[in-house]
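Reviewing the structure listed below.
Protein chains: 2
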Amino acid sequence: MDETKKRAVVLLSGGLDSATALAIARIEGYEAYAMSFRYGQRHAVELECAVRQATTSAVEHRMVDIDPVSFSGSALTDDIAVPKHGHVDELTDDVPVTYVPARNTVFLSFAVAWAEVLGAHDIFIGVNALDYSGYPDCRPEFIEAYEAMANLATVAGVSGNRLRIHAPLIKLTKAEIIKRGNALGVDYSQTSSCYDPAPDGRACGHCDSCLLRLKGFEEAGCADPRKYIED
Amino acid sequence: MDETKKRAVVLLSGGLDSATALAIARIEGYEAYAMSFRYGQRHAVELECAVRQATTSAVEHRMVDIDPVSFSGSALTDDIAVPKHGHVDELTDDVPVTYVPARNTVFLSFAVAWAEVLGAHDIFIGVNALDYSGYPDCRPEFIEAYEAMANLATVAGVSGNRLRIHAPLIKLTKAEIIKRGNALGVDYSQTSSCYDPAPDGRACGHCDSCLLRLKGFEEAGCADPRKYIED
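Encoded structure:
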């Protein structure tokens, strides 16, 4: 614990975006408290990545168990096929079956509870509204509304210590996120984005998330260090 | 399942207020889906009441486990003494140590997730801003902000099916709530409000919640059917 630093709770999924958000929170001078969720996701390999990232960064890390039934109805939690595409241009603007109902709302709520206990007034979330999968809870208007709500929900908020939800990636392209992370020394080999990885953790290369990630690395002009099934 | 009725998720703590909110949801014509939370509360006897209420009302009931560490720092979850008073006038306007960080925010978030899966656009919560314990997340402005956020967070919201958070008790006194519940046939012997009950479930009679409840029954002009330690 470093008494000279302000604390921040950082949502850490194990993916590329939240790993970058963690690095940004730390470079901005916060003492980070990372939080991950085990909710029956079929891509649980991301949690192993989250643990490694937290260990590498030497930050306190809390893993919260959420009964998978709470998030039923999504291809990420249920026995519903994850859509695969040949190219990123095939993605549509519709909300896809990989949408997990109210996931970021639930995750942020646990982060707000932990922030209250820690005396933290800052929460970081790696949502991104450009190269994303079309989920409603990744948009700037959602983040703004969540912050307004959280300031009415908490003792921190009502006592004048404004709680802030930081979404530093929200207006960046995937390529910009990767460039930012590379500049901050993020090890992207320790991040997993795939919605449907092989048992050994290799990425499928064809789900929405893989396609957006691969396009991002291509546009950033560097190789993706993550292993893919077709490598 | 009744296809002719609109579905509503009802947060059911096992206490007096939420039992009344459940009865109101049903009399308003909703098919209710009750949701309770096991979060390490020392007054877990309320969950037995919630189960009995759901059974009596023949509604589907989901019990969600939340890791107690998520709500640490409260007298309701930790080894902190629950304050006792001789009279209700001794309660102050300060947020008391029985405040559980972001509890209603977390509970509502699970309710929103379930509503998305059920195709429900209505959520009932028995919060009450008059005879209450001074928690920030029981005020009308919190409920309004939560509803605004939820409509940006969900597919239901973005597709034009406005999600509504109903707080039918928010402007009622405890006595008014009890009168309403009596008119609807709520069995208050099956409700537990005490923050620090005896192992056999009897209420302490001196915590904030007991004092507000006893005052409510007195003002409503009827006896509280719940057993108290001093009875």
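Line by line, the protein sequences give chains A and B.
For the first sequence, the working numbering gives the first residue as 12, with consecutive numbering after it.
For the second sequence, the working numbering gives the first residue as 12, with consecutive numbering after it.
Glycine included, each C-beta is placed from N, C-alpha and C at the ideal position.
For clarity, every value in this text was computed on a predicted model and none was experimentally measured.
Please confirm whether residue 71 (chain A) has its beta-carbon closer than 8 angstroms to some beta-carbon of chain B.
no
Would you check if the distance between the CB atom of residue 54 (chain B) and the CB atom of residue 203 (chain B) is smaller than 8 angstroms?
Closer than 8 angstroms, so yes.
Would you check whether the ligand MG has a heavy atom nearer than 7 angstroms to the C-beta of residue 221 (chain B)?
Questions concerning the ligand MG fall outside what the structure shown contains, since it holds no ligand whatsoever.
Cα-Cα separation, residue 23 (chain B) to residue 59 (chain B):
11 angstroms
Starting from the beta carbon of residue 152 (chain A), find every residue of chain B whose beta carbon is closer than 7 angstroms, and list them in chain order.
In chain order: 163.
Taking 8 angstroms as the CB-CB cut-off, is residue 115 (chain B) touching chain A?
yes
For residue 153 (chain B), report the span of its beta strand (DSSP E) as first-last.
Element bounds for residue 153 (chain B): not the beta strand (DSSP E) but the alpha helix (DSSP H), 151-164.
How do the segment 183-191 of chain A and the segment 28-35 of chain A stand: do at least 3 beta-carbon pairs fall below 8 angstroms, yes or no?
yes
Within 10 angstroms of its Cβ, does residue 76 (chain A) collect 16 or more other Cβ (buried), or is it exposed?
exposed
Find the residues of chain A that neighbour residue 110 (chain B), judging by a C-beta separation of less than 7 angstroms, and give them in chain order.
Contact annotation for residue 110 (chain B) against chain A: 166 [CB-CB distance below 7 angstroms, chain order].
Considering only C-alpha positions, which residue in the set B:218, B:231, B:229 is nearest to residue 107 (chain B)?
B:218
At a Cβ cut of 7 angstroms, what residues of the segment 71-94 of chain B count as close to chain A, listed as they run along the chain?
So the list reads 75, 76, 78, 81, 82, 83, 84, given in the order they occur along the chain.
Does residue 147 (chain A) get closer than 8 angstroms to chain B when you measure Cβ to Cβ?
yes
Assess contact between the segment 161-175 of chain A and the segment 114-126 of chain A, defined as three or more Cβ pairs (one per stretch) separated by less than 8 angstroms. Is contact present?
yes
Considering only DSSP beta bridges, list what residue 244 (chain B) is partnered with.
With chain B covering 12 to 242 only, the question about residue 244 (chain B) has no answer from this structure.
Touch check for the segment 62-71 of chain A and the segment 67-82 of chain B: three-plus C-beta pairs under 8 angstroms?
no
Within the continuous beta strand (DSSP E) that includes residue 76 (chain B), where are the two ends?
71-76
Per the DSSP calculation, residue 176 (chain B) is bridged to which residue(s)?
B:134
Three or more C-beta pairs below 8 angstroms linking the segment 170-186 of chain A and the segment 222-230 of chain A
The answer is yes - the segment 222-230 of chain A touches the segment 170-186 of chain A, with three or more Cβ pairs under 8 angstroms.
C-alpha distance - residue 26 (chain A) paired with residue 61 (chain A), whole-angstrom precision:
8 angstroms
Taking the DSSP output, what are the residues bridged to residue 214 (chain B)?
B:239
Quick one: does residue 121 (chain B) have its CB under 8 angstroms from some CB of chain E?
No chain E is part of this structure, whose protein chains are labelled A and B.
Excluding the 5 residues flanking residue 136 (chain B) on each side, which residues of the same chain have their C-beta closer than 6 angstroms to its C-beta?
Excluding sequence neighbours, residue 136 (chain B) sits near 22, 178.
Using CA coordinates, which residue listed in A:147, A:241, A:18, A:242 is at the minimum distance from residue 129 (chain A)?
Out of A:147, A:241, A:18, A:242, the CA that lies nearest to the CA of residue 129 (chain A) is found in A:18.
By the 10 Å Cβ neighbour count, where 16 or more other Cβ atoms means buried, how is residue 235 (chain B) classified, buried or exposed?
buried
Can you look up residue 28 (chain A) in the DSSP assignment and give me helix, strand or coil?
DSSP, reduced to helix, strand and coil, places residue 28 (chain A) within a helical segment of the structure shown.
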